[in-house]
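A short write-up of the structure that comes next.
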Amino acid sequence: MTAALRHAWDARVRQGIAPRYFDRQLGCEVIKVLPGEYEVSAADVTLLTLLGSCVAACIRDPLAGVGGMNHFMLPDDERGTGGTNARYGAYAMEVLINELLKRGGQRHRLEAKVFGGGNVIRSMTGITVGNRNAEFVLDYLAREGIVVAAHDLGGEDARKVAYHVKSGRVRVRHLPVAATVADLTAEQAYGRDLRRASLAGEVEIFE
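Each residue of the sequence shown is one higher than the last, beginning at 1 in this note's numbering.
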């Protein structure tokens with residue numbers, strides 16, 4: 001990612017701006033969540049993302065009617081710290097949870113559904129980034145005492161995830177990495193092709 005693109009994404013996250021469109025198949029407004037972003041809403045919307053080795057945490061307070069999604073790329077930065085950017089898991093989880101609490105959510109009522117962590121990128125040590133991300137998010141939620149209501153982590157596929165905030169329902173479609181790896185490693189192409197990849201076909205539902 002270029003410095004200019006990174007700056008633009010960071011600014012969009014801070015300003016709460018996300019690409020939106022109405023999806024006839026889902027019957028509601030859709031907000032795309034790109035790598036290093038998060039979105040929180042109390043509206044009748046679906047949050048949509050495409051995951052390879054990245055992880056998305058979908059967290060909501062069902063009584064307050066507020067929920068959100070993040071999309072982080074690594075558990076931490078190169079120094080092993082959480083960093084102050086939503087591309088890193090520790091910060092992405094913190095800002096998502098804090099924003100939910102600001103919108104009326106209560107920590108003891110939060111429930112999470114987590115997805116992604118595909119074995120797409122392998123490090124020099126042989127440990128995949130996806131495995132690190134998956135282990136991180138489960139450990140983080142356990143430490144915070146947040147119930148994991150559903151998860152679909154690991155494996156060899158990419159995933160398209162559609163999270164309906166009001167109901168907490170998640171639709172997940174597994175996609176072959178060979179067909180998506182170029183988009184998963186090129187952020188600009190990702191933003192273009194996320195909407196193009198249909199949810200038609202075999203979709204797993206997480207209620």
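Backbone N, C-alpha and C fix where the C-beta goes; we use that ideal spot for every residue, glycine too.
Fair warning: this is a prediction, and the values are worked out from it, not measured in the lab.
For residue 34 and residue 71, the gap between their C-alpha atoms comes out near 7 angstroms. Rounded to whole angstroms, the separation of the alpha carbons of residue 128 and residue 109 is 32 angstroms.
DSSP lists 39, 58 as the bridge partner or partners of residue 69. For residue 63, the number of other beta carbons within 10 angstroms of its own is below 16, and it is reported as exposed. For residue 67, same chain residues with a beta-carbon under 6 angstroms away, outside a window of 5 residues either side, are 60, 165 in chain order. Distance from the Cα of residue 89 is smallest, within the candidate group 75, 21, 100, 102, for 75.
For residue 154, the CB contacts under 6 angstroms within the same chain, skipping 5 residues up- and downstream, are 117, 134 in chain order. Classified as exposed, residue 21 has fewer than 16 neighbouring CB atoms from the shown chains inside 10 Å of its CB. With a cutoff of 7 angstroms on beta-carbon distance, residue 46 and residue 30 are scored as near each other. When the beta-carbon positions are compared, residue 149 and residue 111 come within less than 7 angstroms of each other. Annotation for residue 30: the continuous beta strand (DSSP E) segment containing it runs 28–32.
The C-alpha of residue 86 lies about 18 angstroms from the C-alpha of residue 113. Per DSSP, residue 166 lies in no alpha helix (DSSP H) segment and is marked neither H nor E.
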